[in-house]
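**Student:** Take a look at the following structure, please.
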Amino acid sequence: MESRFDAFYSSAIDHHSISGTSLVITFLGDYLCHSGGGIWMGSLIKFMESLSFNQRFVRSSVFRLKQDGWLDVKKQGRKSYYFMTPERFDEVRAANRKIYSVESASWNGKWNLVHIPSSTLLDAKVHGKTLSRLGFGVLDKGVYIQADQGQLDAMDIDAINQAFPNAHVFQHADMAGLTQRDMQSFIYTTWELQRIQDDYQAFCQMFNPVWQQLKDMPTEELNPEDCFKLRLLLIHFYRRIIIKDPLLPGELLPEDWPGGVAQSLAMNLYKKIHLSARNYVTEHGETIVGPVPLPASDYYARFGGLTAS
9 MESRFDAFYS SAIDHHSISG TSLVITFLGD YLCHSGGGIW MGSLIKFMES
59 LSFNQRFVRS SVFRLKQDGW LDVKKQGRKS YYFMTPERFD EVRAANRKIY
109 SVESASWNGK WNLVHIPSST LLDAKVHGKT LSRLGFGVLD KGVYIQADQG
159 QLDAMDIDAI NQAFPNAHVF QHADMAGLTQ RDMQSFIYTT WELQRIQDDY
209 QAFCQMFNPV WQQLKDMPTE ELNPEDCFKL RLLLIHFYRR IIIKDPLLPG
259 ELLPEDWPGG VAQSLAMNLY KKIHLSARNY VTEHGETIVG PVPLPASDYY
309 ARFGGLTAS
């Protein structure tokens, strides 16, 4: 059946590089993180086929994720059910807190630093995602910096120490002598903000037309399958950007920084379609214990609060 969004789907899939492994993780993290976390391979294939990704694409993506320690499999008869491993599940939950948050922390003007001795610098290439996820940028060889917004807690420091056992963590440091112009150049270089800025602008150009079509549409007129596909693509593309965004305080960003506009767009569109999309997955997905269950209560805290019915 034709959809008003067919042209959008074709453009999104044909003109943007979509990793199968990343798309599967987006699906599991967005739809199943609060609903048991597992899915039958047959259901996953059907969901992905709705976006024209074939069975081979899905199976090869799942195989790579299993090889890389992302997924475990449980067999029941001839059926295979896939779950995120506990370590990766925790990683996805941490990413979700960043994706769906609408809170902005205040900045005290201080900085946090992590120094990694040269003997373990090779580990930085392997575990660099840990620091990037926490908002650290590269200040110099072996030195990483983060704007201190009170977000570096004991759990984060423990994660840093696990990734880099010999690391030195310094908190609440001052930075003196930089003019406003120097500071702007510093943050754009340290965190590669130009690329993030460009990605946010492209995201808004991509999804704003979808929002314009949907914003005044009555909920009962929303097509559940379209809502499922739109939500999956929305979070897939938004997640790719915000995971890399250090979420620097507003005082350090230019006035026309597009991150806030992108967040509002993602939030408004998500709130509009989440319920129909959720119901589509619970009605068509199969887990090892039966249909996909309704999500737990903390799911509804996303983007400042979702309707449950």
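Counting in the working numbering, the sequence shown runs from 9 upward without gaps.
Using N, Cα and C, we set each Cβ at its ideal position, and we do this for glycine too.
Under three-state DSSP, which class holds Thr29?
**Tutor:** Helix, per DSSP.
**Student:** Could you check the C-alpha separation between Asp80 and Met49 for me, to the nearest Å?
**Tutor:** Taking the straight line joining both Cα atoms gives about 12 Å.
**Student:** Are there 16 or more other CB atoms within 10 angstroms of the CB of Arg12, so buried, or fewer, so exposed?
**Tutor:** Exposed, by the Cβ-count rule.
**Student:** Given Tyr108, which residues of its chain have a CB within under 7 Å of its CB, disregarding the five upstream and five downstream residues?
**Tutor:** Contacts found: Arg310 and Phe311.
**Student:** Taking the runs of the alpha helix (DSSP H) that are 4 residues or longer, which of them lie wholly in the region 22 to 75?
**Tutor:** Within the region 22 to 75, the complete alpha helix (DSSP H) runs of at least 4 residues are 28 to 35, 49 to 57 and 63 to 75.
**Student:** May I have the straight-line CA-CA distance separating Asp14 from Gly117, to the nearest angstrom?
**Tutor:** Distance between the alpha carbons of Asp14 and Gly117 is about 48 Å.
**Student:** Can you name the start and end residues of the alpha helix (DSSP H) that Ala181 belongs to?
**Tutor:** Unbroken run through Ala181 is the beta strand (DSSP E), His176 to Ala181; no alpha helix (DSSP H).
**Student:** Work out the CA separation of Gly37 and Arg203 for me, nearest whole Å.
**Tutor:** Distance between the alpha carbons of Arg203 and Gly37 is about 25 Å.
**Student:** Distance, Cα to Cα, Thr173 vs Ala167?
**Tutor:** First, the amino acid is wrong: residue 173 is Pro here, not Thr. So the two alpha carbons sit approximately 10 Å from each other.
**Student:** Flag this pair as yes or no: are the beta carbons of Met214 and Phe245 separated by less than 9 Å?
**Tutor:** Yes, they are a contact pair.
**Student:** Classify Asn62: buried if its beta carbon has 16 or more other beta carbons within 10 angstroms, exposed otherwise.
**Tutor:** Exposed, by the Cβ-count rule.
**Student:** From Phe35 to Ser25, what distance separates their C-alpha atoms?
**Tutor:** Using only the alpha carbons, I get a separation of about 17 Å.
**Student:** Could you pull out every residue in the same chain whose Cβ sits closer than 6 Å to the Cβ of Tyr278, ignoring the five residues on either side in sequence?
**Tutor:** Answer for Tyr278: Phe311, listed in chain order.
**Student:** Measuring only the C-alpha atoms, how far is Val177 from Gly258?
**Tutor:** For Val177 and Gly258, the distance between alpha carbons rounds to 24 Å.
**Student:** At which residues does the beta strand (DSSP E) containing Phe13 begin and terminate?
**Tutor:** Element bounds for Phe13: n/a, residue is neither H nor E.
**Student:** Return yes when at least one heavy atom of the ligand ATP lies under 8 Å from the C-beta of Val81, else no.
**Tutor:** Judged by which ligands are present, the structure shown has none, so any question about the ligand ATP falls away.
**Student:** Alpha helix (DSSP H) containing Ile296: first to last residue?
**Tutor:** Run containing Ile296: none; DSSP gives neither H nor E here.
**Student:** Within a Cβ cutoff of 8 Å, which residues of the same chain sit near Leu302, ignoring the five residues on either side of it in sequence?
**Tutor:** For Leu302, where only same-chain residues beyond five positions count, the Cβ hits under 8 Å are Ser43, Arg286 and Thr290.
**Student:** Along the beta strand (DSSP E) that carries Val81, what are the first and last residues, could you check?
**Tutor:** Start and end: Leu79 to Gln84.
**Student:** Reducing DSSP to helix, strand and coil, say where Ala184 ends up.
**Tutor:** Correct three-state label for Ala184: coil.
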